[in-house]
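Contents: one structure, followed by commentary.
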Amino acid sequence: ARAIKIAPSILSADFADFGAECRAIEDQGADWVHVDVMDGHFVPNITFGPATCAAIRPHIKGTMDVHLMIAPVDPYIAAFAEAGADILTAHVEAGPHLHRTLQAIRAAGVRPGVALNPATPASAVAHVLDLVDVICVMTVNPGFGGQAFIDGQLDKVRELRAMVGDRDIHIECDGGVDTTSAPRCVAAGADVLIAGSAAFKGGSVTEPDAYGRNIRAL
Ligand code: DX5
Ligand code: ZN
3 ARAIKIAPSI LSADFADFGA ECRAIEDQGA DWVHVDVMDG HFVPNITFGP
53 ATCAAIRPHI KGTMDVHLMI APVDPYIAAF AEAGADILTA HVEAGPHLHR
103 TLQAIRAAGV RPGVALNPAT PASAVAHVLD LVDVICVMTV NPGFGGQAFI
153 DGQLDKVREL RAMVGDRDIH IECDGGVDTT SAPRCVAAGA DVLIAGSAAF
203 KGGSVTEPDA YGRNIRAL
């Protein structure tokens with residue numbers, strides 16, 4: 003049986019207090035910290051870039067899982083590698099040369115991931131399975147937290163888990179993951195659950211174990 007990891011997304015954290023937020027979610031049980039980078043071009047929102055990743059790096063003991071919702075990706079790989087990203091996940095849809103991008107991420111000493119938007123079929127990653135450590139299945143349309151889980155994506159998770167076979171690849175569900183959808187993601191074959199609103203809801207860094215309760219409920 004696969005160990006399930008919880009990766010809270012700091013998109014739902016207090017943007018004025020990222021260091022404290024990262025320390026709090028790790029202290030309260032987060033396995034990875036999911037960092038949603040958005041450029042206002044690939045997705046209709048802007049968050050932060052390499053400088054913020056570098057600033058929060060010292061506050062994250064474990065894995066900094068950087069989700070690049072940007073296009074193009076290649077010009078920024080070095081900066082995110084330098085900032086300390088452990089995983090850099092690029093979107094299939096971000097450009098015409100995914101294979102080269104994933105090779106460049108690995109060459110920069112970072113674990114490569116690939117993300118698929120809801121309309122993108124599992125087959126889109128069939129020829130890069132040997133290049134990635136992580137597949138991120140978007141279970142919402144990327145750009146914002148707090149959206150509703152798209153049920154149909156669970157078929158894609160099942161299909162990807164079958165395609166992966168015995169390769170050591172993590173499959174993430176990203177978006178709308180909460181106490182209802184989380185077990186279904188796991189049943190479909192996901193082993194990393196990314197949660198923004200479900201992890202941070204109703205809590206704050208000053209409220210003891212508020213995040214821990216949310217994380218343990220998933
Ligand atoms: C959306 C991001 C997700 C988002 C998840 O574009 O990639 O990681 O933060 O937020 P929730 O869990 O609130 O849907
Ligand atoms: Zn994300």
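Each residue of the sequence shown is one higher than the last, beginning at 3 in full-length UniProt numbering. Note that the Cβ used here is the ideal one computed from N, Cα and C, for glycine as well. Predicted model, so just to flag it, every value in this text is computed and none were measured.
Quick one: using the 10 Å Cβ neighbour count with 16 as the cut-off for buried, is ALA83 buried or exposed?
buried
With VAL97 and MET140 assumed to form a contact (beta carbons below 8 angstroms), what rounded beta-carbon distance in angstroms separates them?
One point to set straight first is that residue 97 is Gly, not Val, in the sequence displayed. Rounded, the Cβ-Cβ distance is 17 angstroms, inconsistent with contact.
Helix, strand or coil: which one does DSSP assign to LYS7?
Residue state for LYS7 is assigned as strand, using DSSP reduced to three classes.
From SER206 to TYR213, what does the alpha carbon distance come to, in whole angstroms?
8 angstroms
How many angstroms separate the CA atom of ILE137 from the CA atom of ALA128?
11 angstroms
Can you say whether GLY191 is buried or exposed, counting buried as having 16 or more other CB atoms within 10 angstroms of its CB?
With 16 or more other Cβ atoms within 10 Å, it is buried.
What residue range does the beta strand (DSSP E) around GLY172 cover?
Before going on, a small fix: residue 172 reads as His here, not Gly. Residues 172-176.
State yes or no: is the C-beta of GLN155 nearer than 7 angstroms to some heavy atom of the ligand DX5?
no
Whole-number beta carbon distance between VAL188 and PHE151, since they are thought to touch under 8 angstroms:
The beta-carbon separation of PHE151 and VAL188, rounded to 13 angstroms, does not stay under the 8 angstroms limit for a contact.
Look at the alpha carbon of MET66 and the alpha carbon of LEU90, and state the distance between them as a whole number of angstroms.
9 angstroms
Rounded to whole angstroms, what is the Cα-Cα separation between MET165 and GLY204?
38 angstroms
Inter-stretch contact (C-beta, 8 angstroms, three-pair minimum) for the region 6-16 and the region 36-44:
yes
I'd like to know whether the C-beta atoms of ALA5 and ASP193 end up nearer to each other than 8 angstroms.
Result yes, Cβ atoms of ALA5 and ASP193 sit closer than 8 angstroms.
Should residue 225 be counted as a contact of the ligand DX5 given a C-beta to heavy atom distance under 7 angstroms?
Because residue 225 is not part of the residues shown, which for the chain are 3 to 220, the question remains open.
Where ILE72 falls: helix, strand or coil (DSSP):
Here ILE72 sits in coil by DSSP.
Could you spell out where the beta strand (DSSP E) holding THR91 opens and where it closes?
89-93
Are ILE196 and GLU161 close, meaning C-beta to C-beta below 8 angstroms?
No, these two residues do not count as a Cβ contact at 8 angstroms.
Distance between beta carbons of PRO144 and VAL45, contact taken as under 8 angstroms:
Yes, they are in contact, since the Cβ atoms of VAL45 and PRO144 sit about 5 angstroms apart, within 8 angstroms.
Below 8 angstroms CB to CB, which residues in the same chain sit around GLN149 once its five sequence neighbours on both sides are set aside?
VAL142, ASN143, GLY177, GLY178
Rounding to the nearest angstrom, what Cα-Cα distance links ILE159 and ALA201 in this structure?
Looking at the sequence itself, residue 159 is Val, so the reference to Ile does not match. Going from the Cα of VAL159 to the Cα of ALA201 covers about 22 angstroms.
Out of curiosity, what's the CA-to-CA distance linking CYS24 and PRO123?
Rounded to whole angstroms, CYS24 and PRO123 show a C-alpha spacing of 33 angstroms.
Near ILE171, which residues of its chain fall below 8 angstroms by C-beta distance, leaving aside the five closest residues on each side in sequence?
LEU131, VAL134, ASP135, VAL136, ILE137
Looking at GLY115: is its Cβ nearer than 8 angstroms to the Cβ of GLY147?
no
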